[in-house]
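To start, the structure itself, in structure tokens.
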Amino acid sequence: MRDFHEVRQDYHSLMSEFHEAREDYHTLMSEFHEVRQDYLRLMSEFHEVRQNYHRLMSEFHEVRQNYQRL
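The opening residue of the sequence shown carries number 609 in my numbering; numbering runs sequentially from there.
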């Protein structure tokens, strides 16, 4: 039968691994949150650029129509 000290050693070893895994998890979640914030910021910028593009294309077509009427 395993003695108390072996069991205690295994317990401390497992707890150490658990704490390392938990730290890794929190680090990854923090990095994920940063990446998600960057993604949301970029999507917001993309939509702004897209709206500007459509506005400019609309203005361009209007100017072109006015030019063709001349």
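Where is the CB? At the ideal position from N, CA and C, for every residue including glycine.
ask   = Comparing the C-beta of Arg630 with each C-beta of chain B, is any distance below 9 Å?
value = Protein chain content of the structure displayed is limited to a single chain, and chain B is not contained in it.
key: Between the CA atoms of Ser638 and Leu648 - distance to the nearest angstrom   = 15 Å
request  = Write down every uninterrupted run of the alpha helix (DSSP H) in the segment 624 to 676 whose length is 4 residues or greater and which is fully enclosed by it, in chain order.
outcome  = none
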